[in-house]
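See below for the structure under consideration.
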Amino acid sequence: MHIRRSLIFPVLVLGLGLSTGVSWAETAGHEEHQGAAIELTLNGQAKWQGDENMLKGMDAIRGALATRLSAIHDGTLPLSDYKALAGEVQTQVDFMVENCKLTPEVDEQFHIVLGHVLDGVSGLEGETDPRAGAVLVVEALNAYGTHFEHANWQPLE
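When you line the sequence shown up against mature numbering (1 follows the signal peptide of the UniProt record, and there is no 0), it's residues -25 to -1, 1 to 132, in that order.
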């Protein structure tokens, strides 16, 4: 089952007005590819606790980006590799959604992250500037790491 942005949008609408958090436009180093503002909250003063499937899927997405990050930064990643990356990321999003065991509060916050990941997937599949899609996914991953408990998580630059 492919979950695209249009299917997650109703959940995102619920979460967007909660409180201020990370703004995509404030992410350093990618000013030329600014995305829409995202607002996540913490669980009080703590990070959200996810399930094993969320951790597995997010690790896989991060790994897929990390192996290509140098070529993305250098502008040398072929268009076909951007499309392959989009497929890998989409597969992990589908896996996480299909196997979700999150509580409603955690799920609401996580779907905000997934919405931005899916925006990135759309960009990765595009012909004009797939690098901008990669930047959106990286920004979503970094926001995830700030708001969700994930042992040994490292942001991407």
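Even for Gly, the Cβ is constructed at its ideal location relative to N, Cα and C.
Quiz item: Alpha carbon to alpha carbon, what distance is there between Glu73 and Ala21?
Solution: Roughly 26 Å between the two C-alpha positions.
Quiz item: From Gln84, Ala107, Val113, Glu114, pick the residue whose C-alpha is nearest to that of Glu124; which is it?
Solution: With distances taken between Cα atoms, Glu124 lies closest to Gln84.
Self-check item: Gly50 versus Val113, Pro105, Pro130, Ala115, residue with shortest Cα-Cα distance
Solution: Comparing Cα positions, the closest option is Pro105.
Practice problem: Could you tell me whether the Cβ atoms of Ala61 and Leu89 are closer together than 8 Å? | Solution: Contact check for Ala61 against Leu89 fails: the beta carbons are separated by 8 Å or more.
Quiz item: Taking C-alpha atoms, which residue in Thr103, Met71, Lys76 lies nearest to Leu93?
Solution: It is Met71 whose Cα lies nearest to the Cα of Leu93.
Quiz prompt | Alpha-carbon to alpha-carbon, Ile87 and Gly19 | solution = Taking the straight line joining both Cα atoms gives about 17 Å.
Quiz prompt | Simplified DSSP assignment, three categories, for Gly(-9) | solution = Low local confidence applies: a pLDDT of 32 at Gly(-9) is under 50, so the model's placement there is unreliable, with the coordinate-based value given in what follows. Reduced to three states, the DSSP call for Gly(-9) is coil.
Quiz item: Taking DSSP as the reference, what is the three-state secondary structure of Asn127?
Solution: Asn127 falls in the coil class under three-state DSSP.
Practice problem: Note the first and the last residue of the continuous alpha helix (DSSP H) segment covering Asp34. | Solution: Membership of Asp34 in the alpha helix (DSSP H) is indicated by the continuous run 27 to 41.
Practice problem: For Gln20, write down the residues that DSSP places opposite it in a beta bridge. | Solution: Note: Gln20 sits in no beta bridge, so no partner.
Exercise. Could you please give the first and the last residue of the uninterrupted alpha helix (DSSP H) stretch that includes Thr121?
Key: Residue range 105 to 122 is occupied by the alpha helix (DSSP H) that includes Thr121.
Quiz prompt | Beta-carbon contacts of Leu111 that lie in its chain and below 7 Å, excluding the five residues immediately before and after | solution = Excluding positions up to five away in sequence, the list reads Gly10, His91, Asp94, Gly95, Gly98.
Practice problem: Might you give, ordered along the chain, the residues of its own chain that have their beta carbon closer than 7 Å to the beta carbon of Asp67, omitting 5 neighbours on each side? | Solution: Looking at the sequence provided, one finds Gln at residue 67 rather than Asp. Gly32, Ala35, Ile36, listed in sequence order.
Quiz item: Per DSSP, what kind of secondary structure is Gly62 in: helix, strand or coil?
Solution: Looking at Gly62 - three-state DSSP - the assignment turns out to be helix.
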